[in-house]
Amino acid sequence: MHSHEASFTVMHTILACKAYGRRPEAALEAAYAEVRRLELLFSRFLAESEVCGINERAGKALVAVSPDTMHVLKEAIAAGRRSEGLFDVTIAPLMNLWDFTHASASPSQAAIDSVLPLVDYRQVVVDEKTGRAGLGKPGMVLDLGGLAKGYAADRAKQVLLDWDIQSAYINLGGNVVLVGAKPDGSAWKVGIRHPRIPNALVGAISAEGSSVVTSGDYERFFIDEQGERQHHIVDPRTGRPSRSGLVSLTVACPQSLQADVLSTTCFLGGLEGCKKLLADLPEVGVFAIDDNLRGWITESLVPSFQPVTGLDISLLTL
Amino acid sequence: MWWILSVLMVIIAVGLFMAMRVDGPNRKEASRLQFEKVQFSNLKDGTYIGKWEGSTSHIRDTQIEVKVSGGEVESFTILKGAVPKNGQPVKLTKGRTIDDLFKSALEAKSLSVDVISGATVTSKTHLKAFEDALKQAAH
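First to last, the sequence lines map onto chains A and B. Residue numbers 1 to 318, in our numbering, belong to the letters of the first sequence in order. Residue numbers 319 to 457, in our numbering, belong to the letters of the second sequence in order.
Here it is, written out as structure tokens:
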């Protein structure tokens with residue numbers, strides 16, 4: 001058995017992966033090609049993408065989309081419905097307003113109020129019969145950033161399985177997907193970043209064949225004039241960075257698309273929202289950190305979680 | 319532009335590793351660096367060398383060469399800072415990149431994890447050198 005490790009820049013982030021098998025190098029190249037193919041469909045920054053086509057015709061017409069885009073849109077609408085609008089793929093006008101990459105000041109309430117009517121996942125239209133999709137109002141912007149990486153990571157995993165890879169990890173911009181266990185039969189150990197101490201971890205999750213995704217307020221943020229941290233996880237209900245009381249939330253479950261969606265949604269929902277969102281999902285494990293840096297963990301995740309600092313941890317009972 | 323930021327994130331993990339190994343006032347100095355707004359487009363074409371130099375020691379000194387064409391950053395090379403053991407500069411370009419850097423970033427973690435969930439934090443000295451180069455390229 002051979003092993004190969006590679007990293008690629010794709011989807012505005014890094015795809016880092018390692019695979020064990022007969023032809024790991026070719027398998028990883030093929031997995032990258034699949035992620036790149038999806039980027040060309042999903043990116044709202046590439047003029048030729050299907051998402052750009054949808055945005056250009058917002059409020060005017062539906063456009064023909066591929067089965068991949070159709071699938072992701074249906075998942076996005078379902079996630080919006082299940083979370084009562086906490087997960088919203090039309091949040092881009094708000095994100096543009098906040099501009100977390102460059103800004104140092106918050107936008108005015110008037111500016112927020114003016115774009116809020118454009119944020120409504122219920123205005124995402126899909127017509128499965130004709131294979132078309134679109135946005136209901138002019139000025140709306142579709143951004144699949146909340147689940148595209150998860151879907152792409154799932155697809156990349158399928159490519160590795162098709163190449164007969166039985167042991168691998170894929171890390172697409174922090175979305176971790178595992179194929180099987182390590183070659184020695186032990187579980188993969190996935191580190192969870194400390195939300196406040198750079199380069200430190202708060203713990204590790206042992207996992208096989210599943211996905212681990214973390215949302216945190218430390219990824220992109222600025223400190224405003226009032227000294228308040230304004231981070232990139234914006235609540236579509238208020239138009240402002242989430243004040244749910246959580247600073248980091250990790251989801252471990254079989255599918256990365258689901259993990260991607262739930263990490264954002266549960267972060268926005270806070271501990272109380274988590275209980276509601278996870279009520280019918282026994283296969284999903286959650287590890288959250290609140291703003292007092294206390295850890296909260298679901299019972300299902302306890303056996304595979306290993307804390308690495310003196311973190312205070314409580315059980316998150318659903 | 320995003321690919322550059324992504325690449326920076328990785329470099330940065332390596333930068334932090336280096337920072338971990340050697341303690342001292344220099345680390346504090348680097349950790350307190352503040353950043354200004356820099357423009358990433360509408361730059362003057364050319365090659366610029368951005369620098370960050372510590373005042374108490376030179377262990378974290380960083381130099382990045384940035385090539386600008388068509389008003390945008392085309393590529394950059396780390397001349398000093400997060401470079402492999404043989405001291406050769408690492409060329410970072412669009413598409414396939416930075417295998418070595420990323421590997422060392424992962425190996426650098428003292429904890430025996432295989433992979434890390436969540437986005438990476440930043441190495442301030444590398445960002446500072448990059449900012450310096452962009453300021454030179456700004457109109």
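C-beta: ideal position from N, C-alpha, C; glycine also. All of these numbers come straight from a predicted model, not from anything done at the bench.
ask   = DSSP on A:S263, reduced to helix/strand/coil?
value = The three-state reading of DSSP puts A:S263 in helix, counting H, G and I together.
key: N- and C-terminal bounds of the beta strand (DSSP E) containing B:T380   = Element bounds for B:T380: T380 to S387.
inquiry  = For A:A76 and A:A30, I'd like the C-alpha separation in whole angstroms.
reply    = Going by C-alpha positions, A:A76 is about 26 Å away from A:A30.
request  = Label A:E34 either buried or exposed according to how many other C-beta atoms from any shown protein chain fall within 10 Å of its C-beta, with 16 as the threshold for buried.
outcome  = Under this definition A:E34 is a buried residue.
ask   = Name the residues in the region 183–215 of chain A whose C-beta lies less than 7 Å from a C-beta of chain B; which are they?
value = Hits within the stretch, in order: W188, K189, V190, G191, I192, R193, P198, N199, L201, A204, V212, V213 and T214.
inquiry  = Just to check my reading of the structure: A:V141 and A:A92 have Cβ atoms closer than 8 Å, yes? What is that Cβ distance to the nearest angstrom?
reply    = Confirmed, about 4 Å.
request  = Give a yes or no on contact between the region 105–114 of chain A and the region 47–54 of chain A, applying the rule of three or more CB pairs nearer than 8 Å.
outcome  = These segments do not touch.
key: Touch test, the region 58–78 of chain A against the region 129–144 of chain A, Cβ-Cβ under 8 Å, three pairs minimum   = Yes, the region 58–78 of chain A touches the region 129–144 of chain A.
task = Can you give me the Cβ contacts of A:A105 inside the same chain, cut-off strictly under 7 Å, excluding the 5 residues immediately before and after it?
result = The residues are D224 and E225.
inquiry  = Quick check on DSSP: helix, strand or coil for A:H102?
reply    = Here A:H102 carries a coil assignment [DSSP, helix/strand/coil].
message = Please confirm whether B:V386 has its beta-carbon closer than 7 Å to some beta-carbon of chain A.
response = For B:V386, no CB of chain A lies under 7 Å from its own CB, so it is not counted at the interface with that chain.
ask   = From B:P343 to B:I377, what distance separates their C-alpha atoms?
value = Each residue's Cα considered, the two are about 11 Å apart.
Segment limits, beta strand (DSSP E) that includes A:F287 = In this chain, the beta strand (DSSP E) harbouring A:F287 covers G285 to D290.
query = With respect to the alpha helix (DSSP H) encompassing A:E5, which residues constitute its N-terminal and C-terminal limits?
reply = Note, A:E5: premise wrong, no alpha helix (DSSP H); beta strand (DSSP E) at H2 to V10.
inquiry  = Can you tell me whether A:V159 is helix, strand or coil according to DSSP?
reply    = Correct three-state label for A:V159: helix.
ask   = Looking only at its own chain, which residues have a Cβ that is under 8 Å from the Cβ of A:S167, when we skip the five neighbours before and after it?
value = Once the five neighbours on either side are set aside, the close Cβ partners of A:S167 are A19, Y20, G21, V179, G180, A181, K182 and P183.
message = With distance defined between alpha-carbon atoms, name the residue in A:F100, A:L311, A:S43 and A:A26 nearest to A:F222.
response = Here the closest residue by C-alpha is A:F100.
message = Suppose contacts are defined by Cβ-Cβ distances below 7 Å. Is A:V190 in contact with B:V433 by that definition?
response = Against a cut-off of 7 Å, the Cβ pair of B:V433 and A:V190 comes out as a contact.
request  = Starting from the N-terminal side, write out each stretch of the alpha helix (DSSP H) that is 4 residues or longer and does not extend beyond the region 1–78 of chain A.
outcome  = Taking only runs of at least 4 residues, the alpha helix (DSSP H) segments lying wholly in the region 1–78 of chain A are 24–42 and 50–56.
ask   = CA-CA distance, A:Q306 and A:L257?
value = Each residue's Cα considered, the two are about 24 Å apart.
query = Should A:F87 and A:T298 be called a contact, given that it needs their Cβ atoms to be closer than 7 Å?
reply = Contact flag unset, no.
inquiry  = By the three-class DSSP mapping on this structure, what secondary structure does B:L361 have?
reply    = Under the three-state reduction of DSSP, B:L361 is assigned to strand.
query = Hey, quick one: how far does the beta strand (DSSP E) through A:I313 stretch, first residue to last?
reply = That run of the beta strand (DSSP E) goes I313 to L315.
query = For A:H102, does the count of other Cβ atoms within 10 angstroms reach 16, so buried, or fall short, so exposed?
reply = Classification of A:H102: exposed, given that the 10 Å Cβ count is below 16.
inquiry  = Counting beta carbon pairs with one atom in the region 160–174 of chain A and one in the region 266–279 of chain A, are three or more of them shorter than 8 Å?
reply    = The region 266–279 of chain A vs the region 160–174 of chain A: no contact.
query = Using the beta-carbon count (16 or more within 10 Å), is A:R193 buried or exposed?
reply = Within a 10 Å sphere around the beta-carbon of A:R193 sit 16 or more other beta-carbons, which makes this residue buried.
request  = Identify each residue in the region 158–179 of chain A for which the Cβ-Cβ distance to at least one residue of chain B is less than 9 Å, and report them in chain order.
outcome  = Contact annotation: in the region 158–179 of chain A, residues whose CB is within less than 9 Å of a CB in chain B are Y169, I170, N171, G173, G174, N175, V176 and L178.
query = Using 7 Å as the limit for Cβ to Cβ distance, is B:G436 near chain A?
reply = Yes, B:G436 counts as interfacial toward chain A.
query = Taking Cβ to Cβ, would you say A:G173 is nearer than 7 Å to A:K157?
reply = A:K157 is positioned such that its CB atom lies no closer than 7 Å to that of A:G173.
query = Using 7 Å as the limit for Cβ to Cβ distance, is B:D450 near chain A?
reply = With 7 Å as the cut-off, B:D450 does not count as an interface residue toward chain A.
key: Limits of the unbroken alpha helix (DSSP H) element including A:I112   = Where A:I112 is concerned, the enclosing alpha helix (DSSP H) stretches over Q109 to V115.
key: Min CB distance B:D363 to chain A below 7 Å   = Judged by the 7 Å Cβ criterion, B:D363 is not in contact with chain A.
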